[in-house]
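First to last, the sequence lines map onto chains F and W. Add 2 to a position in the first sequence, counting from 1, and you land on the number used in my numbering. Add 29 to a position in the second sequence, counting from 1, and you land on the number used in my numbering.
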Amino acid sequence: MSFTPITTGHYLVLSAALLLIGTVGLLMRRNVIIMLMSIELILNAVNINLVAFSRHWQHVTGQVFAIFVITVAVAEAAVGLGILIALFRNRGTVLSDEIDLLKW
Amino acid sequence: MVNLVSNFWWIPLYPFIGSLLIAILRRGGAVIGPAAILAAFLHGLVVYSSPRGGALDHTLYQWMPGIAFRLVADDLSLLMVLIITGVGFLIHVYSIGYMDKEPGFWRYFAYLNFFVFFMLLLVLASNLIVLYAGWEGVGLASYLLIGFHHDRPTVNRNANKAFLYNRAGDAGFLIGTLILLTAAGTTEFTAINQLPGSPLMLVAALLLALAATGKSAQLPLFVWLPDAMVGPTPVSALIHAATMVTAGIYLFARMAPFLAANPDAGLVIAVIGATTALIAATIALVEHDIKRILAYSTISQLGLMFLAAGLGATQAAIFHVATHAFFKALLFLCSGNIIHALKGEQDIRYMGGLRDKMPWTFRLMVLGGLSLAGFPGLAGFFSKDAILIAATQSPILLAVGFLVSFITAAYVSRMLWAVFFGVYNREAHEAHGTMLHPLWPLAIGSAIAGYFGPHQEGAWPIMIASALVSIAGLYLGRQIRLPELLKAFFARKWFINDAYEVILVKTTASRGSSTLNWIDQNIIDLLPRATAFFTSTASLISGWFDSSVVDGLVKTTASAFSVASYPLRLAQTGRTHNYALVIVITVAISFGWYWLQ
Numbered sequence: 003m004s005f006t007p008i009t010t011g012h013y014l015v016l017s018a019a020l021l022l023i024g025t026v027g028l029l030m031r032r033n034v035i036i037m038l039m040s041i042e043l044i045l046n047a048v049n050i051n052l053v054a055f056s057r058h059w060q061h062v063t064g065q066v067f068a069i070f071v072i073t074v075a076v077a078e079a080a081v082g083l084g085i086l087i088a089l090f091r092n093r094g095t096v097l098s099d100e101i102d103l104l105k106w
Numbered sequence: 030m031v032n033l034v035s036n037f038w039w040i041p042l043y044p045f046i047g048s049l050l051i052a053i054l055r056r057g058g059a060v061i062g063p064a065a066i067l068a069a070f071l072h073g074l075v076v077y078s079s080p081r082g083g084a085l086d087h088t089l090y091q092w093m094p095g096i097a098f099r100l101v102a103d104d105l106s107l108l109m110v111l112i113i114t115g116v117g118f119l120i121h122v123y124s125i126g127y128m129d130k131e132p133g134f135w136r137y138f139a140y141l142n143f144f145v146f147f148m149l150l151l152v153l154a155s156n157l158i159v160l161y162a163g164w165e166g167v168g169l170a171s172y173l174l175i176g177f178h179h180d181r182p183t184v185n186r187n188a189n190k191a192f193l194y195n196r197a198g199d200a201g202f203l204i205g206t207l208i209l210l211t212a213a214g215t216t217e218f219t220a221i222n223q224l225p226g227s228p229l230m231l232v233a234a235l236l237l238a239l240a241a242t243g244k245s246a247q248l249p250l251f252v253w254l255p256d257a258m259v260g261p262t263p264v265s266a267l268i269h270a271a272t273m274v275t276a277g278i279y280l281f282a283r284m285a286p287f288l289a290a291n292p293d294a295g296l297v298i299a300v301i302g303a304t305t306a307l308i309a310a311t312i313a314l315v316e317h318d319i320k321r322i323l324a325y326s327t328i329s330q331l332g333l334m335f336l337a338a339g340l341g342a343t344q345a346a347i348f349h350v351a352t353h354a355f356f357k358a359l360l361f362l363c364s365g366n367i368i369h370a371l372k373g374e375q376d377i378r379y380m381g382g383l384r385d386k387m388p389w390t391f392r393l394m395v396l397g398g399l400s401l402a403g404f405p406g407l408a409g410f411f412s413k414d415a416i417l418i419a420a421t422q423s424p425i426l427l428a429v430g431f432l433v434s435f436i437t438a439a440y441v442s443r444m445l446w447a448v449f450f451g452v453y454n455r456e457a458h459e460a461h462g463t464m465l466h467p468l469w470p471l472a473i474g475s476a477i478a479g480y481f482g483p484h485q486e487g488a489w490p491i492m493i494a495s496a497l498v499s500i501a502g503l504y505l506g507r508q509i510r511l512p513e514l515l516k517a518f519f520a521r522k523w524f525i526n527d528a529y530e531v532i533l534v535k536t537t538a539s540r541g542s543s544t545l546n547w548i549d550q551n552i553i554d555l556l557p558r559a560t561a562f563f564t565s566t567a568s569l570i571s572g573w574f575d576s577s578v579v580d581g582l583v584k585t586t587a588s589a590f591s592v593a594s595y596p597l598r599l600a601q602t603g604r605t606h607n608y609a610l611v612i613v614i615t616v617a618i619s620f621g622w623y624w625l626q
C-alpha cells in the first residue's frame with residue numbers, strides 16, 4: 003500500500019467538493035437549520051482553500067484570513083440561530099418556504 | 030377765587046358727580062344726593078342774582094360744523110334751574126324719609142341725581158341737539174324711576190308704556206331738529222328764532238309740538254302719565270309734576286319767536302292744550318286713586334300752559350310752570366305722606382277723616398289744593414289768571430279755560446273732602462322729620478309765588494270772574510253728583526286709552542307679530558338661507574374637484590407605478606431559495622463569463 007503525498011491539488015478538490023455540497027444543500031433543503039449548516043460548509047470550503055494556498059505559497063496571510071472567516075462565521079451562526087429561535091417561537095416552523103411574507 | 034357766574038356750566042356737574050359717586054359707592058345716597066342738588070341750587074342762585082348783562086354762554090366743544098356742545102344761561106333757563114334744583118332739593122330730602130328702609134335706597138338716589146343732571150342739561154342747552162340729549166336723558170331717568178319697584182306687577186309694563194309714548198314724541202323731535210338743521214345750518218336757538226315762517230318751518234314746529242305732547246303728556250300722547258304713578262311718590266312729584274313734564278312748555282318758551290313766525294303751529298298747540306286740559310280735568314273729577322287724580326290734574330294744568338304758550342303768552346306759561354311746580358309738588362308730597370301713613374292705600378274711597386290724625390299734612394294739602402284751584406290770593410290764582418288773560422284772544426279758548434278752572438276747583442274740593450273730612454275709618458299717624466319739613470318751603474311758594482309774576486294790565490274783570498269760578502267750583506265740588514252715563518264716560522277716560530289699546534297695542538301685537546314673523550321667515554332668513562345655499566354649492570364643487578381631480582392625480586400616479594412595477598414584483602417571491610438560486614446562478618454566470626474571456 004503506497005501513499006501519494008497530499009498536494010495542494012487535493013485540497014482544492016476537497017474544497018470544491020465541500021463548496022458543491024454546501025451550495026446544493028443550501029438550494030435543496032428547506033429546513034433553515036440545514037441551510038445554516040450548508041453555509042458553514044461553504045465557508046469552510048473557502049477556509050480550506052485559503053489555508054491550502056497559504057501552505058502552497060508559504061505565506062501566512064491566508065491563515066490569518068481563515069481565522070477571520072471563522073470568527074465571522076461564528077457571529078453569523080449566533081445571529082442566524084437567534085433569528086431562527088425567534089422565528090420558531092412566532093411561527094412554529096423552521097421551514098423556509100413557509101416564510102415568504104417579505105415581498106412586495 | 031373761581032368765578033361762579035362765568036362758570037355757570039358747572040351747575041349740571043354737581044348732580045352728575047353725585048349720581049356717579051352714589052352709584053360707585055352704593056351708599057351715601059341720603060347725604061350725597063341732596064348735597065349735590067343743594068350745591069347746584071346755590072350755584073344757580075348766585076348766577077341768577079348777579080348782574081349778568083344779557084345771556085351767558087359757554088361752548089364746551091365743537092362737535093361738528095353747526096353743532097356745538099354749548100350751554101346758555103339767561104333769565105328763562107336760570108329760572109328753570111332754580112325750580113328744578115329748589116324743588117328737587119326738597120324732594121330729595123323728603124325722599125330720605127319716604128324711601129327709608131326700601132331695598133335699593135342708593136339706586137333711587139343715583140337715579141334721581143341722574144335725572145336732575147339731564148334736566149339741567151335740558152334747560153341750559155343753547156341748541157336743539159344738546160336739548161335733545163337732556164330730553165332723552167330725562168326720559169330714561171323717568172323710565173328708570175317709574176320702574177323702580179320693578180318686582181311689583183304692572184310696574185314694568187307702565188314704565189315701558191311711558192318710555193314708548195315718549196319715544197313716539199321724540200321721533201318728532203329728531204325729525205323736526207333735522208329739518209331745522211338743514212334749513213338754518215345750525216340748531217342754535219338764536220339762529221332758529223330768526224328763521225322766517227314757511228310751510229316747511231310749520232312742519233318742523235308741529236313735529237317739535239308732537240315731541241312736547243309726548244314729554245308733557247298732552248293729546249294725543251298723554252295716556253302714559255297716569256300710569257307713571259306706579260313710581261315712588263316723590264318721583265311723581267319731581268318728574269311727573271314739577272319738572273320733566275314741563276319740558277315741552279320750556280321748549281315752546283325757548284322757541285317763542287319761532288312759534289310766533291308760524292302762528293298756525295301756535296294755534297294747533299293752543300287747541301291741543303285746551304282740549305287736553307278739559308279732558309284731563311273731567312277724568313280727574315271721577316278718578317279714585319289719589320295719585321292719578323293729581324296726575325290728571327297735572328295733565329290738565331300742562332294743557333293750560335300749552336294753551337298760553339300756543340297763544341304766544343310764554344311768560345304766562347312759564348309763570349304757571351313755576352307756581353305749578355310749588356303747589357303740585359306740595360300736593361304730591363302730602364299725598365305721599367297719606368299713602369305712607371295708610372301703608373300704601375291710594376284709593377280716596379278708603380280714606381276719610383284724616384284731618385284730626387294728620388293735622389299738618391291736612392293744612393299743607395289744603396293750601397296746595399286751594400292754590401291749584403286758583404283760590405284768590407294764592408300762587409295758582411295769579412298764574413292761571415295770566416293764562417286766562419292770554420286766552421282772551423279767542424272766546425272759545427277763554428270759555429274752555431274758565432270751564433277747566435271750574436272743574437279743577439271741583440275735583441280739588443272733591444278730593445280734599447274725601448280724604449280729610451267725613452268718617453274716620455283708618456289708623457294713621459302724622460308724618461315727621463324729613464317727610465314734613467321740606468313741605469314748608471313748598472307751602473310758602475304755593476302761597477306767595479304769585480306776587481313775583483309778570484305784571485298784568487287791566488285784568489280785573491278776568492280776575493274777579495276767575496275768583497268767582499274758583500270759589501263756586503270749590504263749593505259745588507264738595508259733593509258733586511254727575512249723571513251715571515257721563516261719569517262712566519269720564520271714568521273710562523273718554524275711551525282714549527282703550528282706543529289706543531285696541532288700535533295700537535292689540536293691532537301692533539297681532540298684526541305686528543305676524544308681519545314680523547313673515548319678515549323673519551322671508552327676508553331675514555333669506556340671508557342665512559342664501560349663505561347656506563352658496564356654501565353647500567361651493568363645497569359640493571370643491572368636494573367634486575377634490576375627489577375627482579386631486580385624488581384622480583394621486584390615484585393615477587399610484588396605479589401607473591403599480592402597473593409598471595408588476596413584472597418586477599413577480600421577482601419578489603419572498604422565498605429564500607429563490608434568492609439563493611439567483612445568487613448562485615449569478616455567480617456561476619459571472620465566473621463562466623470570466624473564463625470564457
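Think of the CB as a built atom: it goes at the ideal place given N, C-alpha and C, for glycine as much as any other residue.
Check: What are the boundary residues of the alpha helix (DSSP H) that Met128 (chain W) is part of?
Finding: Translated into positions along the second sequence, residue 128 (chain W) becomes position 99. Counting along the chain, Met128 (chain W) falls outside any alpha helix (DSSP H), and DSSP gives it neither H nor E.
Margin query: Cβ closer than 8 Å: which chain B residues qualify as neighbours of Ser98 (chain F)?
Written below: In the structure shown, chain B cannot be found, because the protein chains are F and W.
Check: Nearest CA to the CA of Leu85 (chain W): which residue from W:Leu105, W:Leu569, W:Ser619?
Finding: The count along the second sequence starts at 1 and reaches residue 85 (chain W) at position 56. When each option's Cα is compared against that of Leu85 (chain W), the closest is W:Leu105.
Item checked: Glu453 (chain W) - DSSP class collapsed to helix/strand/coil -> Along the second sequence, one-based indexing puts residue 453 (chain W) at 424. Per the sequence shown, residue 453 (chain W) should be read as Tyr rather than Glu. Coil.
Next item on the list: Give every residue of the same chain whose Cβ lies closer than 6 Å to the Cβ of Phe45 (chain W), excluding the five residues on either side of it in the sequence, and list them in chain order.
Entry: In the second sequence, residue 45 (chain W) corresponds to position 16, counting from 1. Around Phe45 (chain W): Phe146.
Notebook entry, point to check: Based on the DSSP output, what are the partners of Asn142 (chain W) in its beta bridges?
Noted result: The residue you call residue 142 (chain W) lines up with position 113 of the second sequence. In the DSSP output, where bridge partners are listed per residue, Asn142 (chain W) has none listed.
Check: Nearest CA to the CA of Val441 (chain W): which residue from W:Pro261, W:Ile416, W:Met109, W:Thr311?
Finding: As a position in the second sequence, residue 441 (chain W) is number 412, starting the count at 1. It is W:Thr311.
Notebook entry, point to check: Applying a beta-carbon distance threshold of less than 7 Å, which residues of chain W neighbour Thr25 (chain F)?
Noted result: Within the first sequence, the letter at position 23 stands for residue 25 (chain F). By Cβ distance, chain W contributes Val613.
Next item on the list: For His87 (chain W), name the three-state secondary structure that DSSP assigns.
Entry: Working through the second sequence from its first residue, we reach residue 87 (chain W) at position 58. Strand at His87 (chain W).
Next item on the list: Determine the chain W residues that contact Leu29 (chain F) at a beta-carbon separation under 8 Å, and present them in chain order.
Entry: Here the question's residue 29 (chain F) lines up with position 27 in the first sequence. Under a criterion of Cβ atoms nearer than 8 Å, the residues of chain W adjacent to Leu29 (chain F) are, in order, His606, Ala609, Leu610, Val613.
Notebook entry, point to check: From the DSSP output, which residues share a beta bridge with Ala154 (chain W)?
Noted result: Taking the second sequence and counting its residues from 1, the one referred to as residue 154 (chain W) is at position 125. Bridge partners of Ala154 (chain W): W:Leu100.
Checklist line | Distance, Phe202 (chain W) Cα to Ile278 (chain W) Cα | finding: By one-based count along the second sequence, residue 278 (chain W) stands at place 249. By one-based count along the second sequence, residue 202 (chain W) stands at place 173. Ile278 (chain W) and Phe202 (chain W) have their C-alpha atoms roughly 14 Å apart.
Notebook entry, point to check: Quick one: what's got a C-beta closer than 6 Å to Asn291 (chain W)'s C-beta in the same chain, skipping five residues either side?
Noted result: The count along the second sequence starts at 1 and reaches residue 291 (chain W) at position 262. Cβ neighbours of Asn291 (chain W) beyond the five flanking positions: Gly226, Met230, Leu231, Ala234.
Next item on the list: Give the C-beta separation of Ala79 (chain F) and Leu38 (chain F) to the nearest angstrom, bearing in mind that I take them to be a contact with Cβ-Cβ under 8 Å.
Entry: Taking the first sequence and counting its residues from 1, one reaches residue 79 (chain F) at position 77. Taking the first sequence and counting its residues from 1, one reaches residue 38 (chain F) at position 36. 7 Å between Cβ atoms; contact.
Check: Would you say Gly82 (chain W) and Gly62 (chain W) are within 8 Å of each other, going by their C-beta atoms?
Finding: Position 53 of the second sequence, counting from 1, holds the residue named residue 82 (chain W). Position 33 of the second sequence, counting from 1, holds the residue named residue 62 (chain W). No, the Cβ-Cβ distance between Gly82 (chain W) and Gly62 (chain W) is not below 8 Å.
Check: Which of the three DSSP states, helix, strand or coil, is assigned to Met2 (chain F)?
Finding: This structure does not reach residue 2 (chain F), given that chain F is present from 3 up to 106, and the question cannot be answered.
Note to self: Less than 7 Å separating the Cβ of Arg32 (chain F) from some heavy atom of the ligand FMN?
What the structure shows: Absence of the ligand FMN from the depicted structure is noted, as is the absence of any ligand whatsoever, leaving it without description.
Item checked: CB contact flag (Thr343 (chain W), Ala285 (chain W), <8 Å) -> Residue numbering aside, residue 343 (chain W) sits at position 314 when the second sequence is read from its first letter. Residue numbering aside, residue 285 (chain W) sits at position 256 when the second sequence is read from its first letter. Yes.
Next item on the list: Spatial neighbours of Asn33 (chain F) within its chain, please: CB distance less than 8 Å, with the 5 preceding and 5 following residues excluded, ordered by chain position.
Entry: Position 31 of the first sequence holds residue 33 (chain F). Val96, Leu97, Ser98, listed in sequence order.
Next item on the list: Say whether chain F places a C-beta atom closer than 8 Å to the C-beta of Gln626 (chain W).
Entry: For the purposes of this step, residue 626 (chain W) is taken as residue 597 along the second sequence, with counting starting at 1. Answer no: the Cβ-Cβ gap between Gln626 (chain W) and chain F never drops below 8 Å.
Checklist line | Nonlocal neighbours in the same chain, by C-beta distance under 8 Å from Leu20 (chain F), ignoring five residues either side | finding: As a working note, residue 20 (chain F) is residue 18 in the first sequence. Excluding positions up to five away in sequence, the list reads Leu43, Ile44, Asn46, Ala47, Ile50.
Margin query: 8 Å is my cut-off, CB to CB: does Gln103 (chain F) come that close to chain W?
Written below: As a first step, residue 103 (chain F) must be located in the first sequence, where it is residue number 101. Note on residue identity: the sequence assigns Leu, not Gln, to residue 103 (chain F). Chain W contact via Cβ: present.
Margin query: DSSP three-state label for Asp376 (chain W), please.
Written below: Your numbering for residue 376 (chain W) matches position 347 in the second sequence. Correct three-state label for Asp376 (chain W): strand.
Check: Cα-Cα, which of W:Ala346, W:Ile319, W:Pro255 is closest to Arg283 (chain W)?
Finding: In the second sequence, residue 283 (chain W) corresponds to position 254, counting from 1. Here the closest residue by C-alpha is W:Ala346.
Checklist line | Given Leu503 (chain W) as reference, the closest of W:Ile436, W:Ile553, W:Arg558 once Cα atoms are compared | finding: Residue numbering aside, residue 503 (chain W) sits at position 474 when the second sequence is read from its first letter. Residue W:Ile436 is the option with its Cα nearest to Leu503 (chain W).
Check: What runs of the alpha helix (DSSP H), each 4 residues or longer, lie entirely inside the region 419-468 of chain W?
Finding: List check, alpha helix (DSSP H) in window: 424-449.
Notebook entry, point to check: Should Asp199 (chain W) be labelled buried (16 or more other beta-carbon atoms within 10 Å of its own) or exposed?
Noted result: The residue given as residue 199 (chain W) occupies position 170 in the second sequence. Per the 10 Å Cβ criterion, buried.
Margin query: Could you pull the DSSP bridge partners for Asp318 (chain W) from this structure?
Written below: Stepping through the second sequence from its first residue, residue 318 (chain W) is reached at position 289. Bridge partners of Asp318 (chain W) according to DSSP: W:Asp376.
Check: Should Leu396 (chain W) and Ser326 (chain W) be called a contact, given that it needs their Cβ atoms to be closer than 8 Å?
Finding: Reading the second sequence from its first residue, position 367 is the one you call residue 396 (chain W). Reading the second sequence from its first residue, position 297 is the one you call residue 326 (chain W). Going by C-beta atoms, Leu396 (chain W) is not nearer than 8 Å to Ser326 (chain W).
Check: Near Phe449 (chain W), what residues of its chain come up, given a Cβ to Cβ distance below 7 Å and the 5 sequence neighbours on each side ignored?
Finding: Residue 449 (chain W) sits at position 420 when you count from the first residue of the second sequence. Short of 7 Å from the beta carbon of Phe449 (chain W), and not among the five residues preceding or following it, lie these beta carbons of its own chain, in chain order: Leu383, Arg384, Phe391.
Next item on the list: Could you tell me how far apart the beta carbons of Leu150 (chain W) and Gly168 (chain W) are, in whole angstroms, since I believe they sit closer than 8 Å?
Entry: For the purposes of this step, residue 150 (chain W) is identified with residue 121 of the second sequence, where counting begins at 1. For the purposes of this step, residue 168 (chain W) is identified with residue 139 of the second sequence, where counting begins at 1. Not quite, the Cβ-Cβ distance comes to about 13 Å (not below 8 Å), so this is no contact.
Notebook entry, point to check: Taking the alpha-carbon positions, what's the His58 (chain F) to Ile101 (chain F) distance?
Noted result: Along the first sequence, read from residue 1 onward, the residue named residue 58 (chain F) stands at position 56. Along the first sequence, read from residue 1 onward, the residue named residue 101 (chain F) stands at position 99. CA-to-CA, the gap between His58 (chain F) and Ile101 (chain F) works out to about 44 Å.
Check: Which whole-angstrom value describes the C-beta separation of Lys357 (chain W) and Ala419 (chain W), a residue pair presumed to lie in contact below a C-beta threshold of 8 Å?
Finding: Residue 357 (chain W) sits at position 328 when you count from the first residue of the second sequence. Residue 419 (chain W) sits at position 390 when you count from the first residue of the second sequence. Contact flag wrong, Cβ pair sits at about 20 Å.
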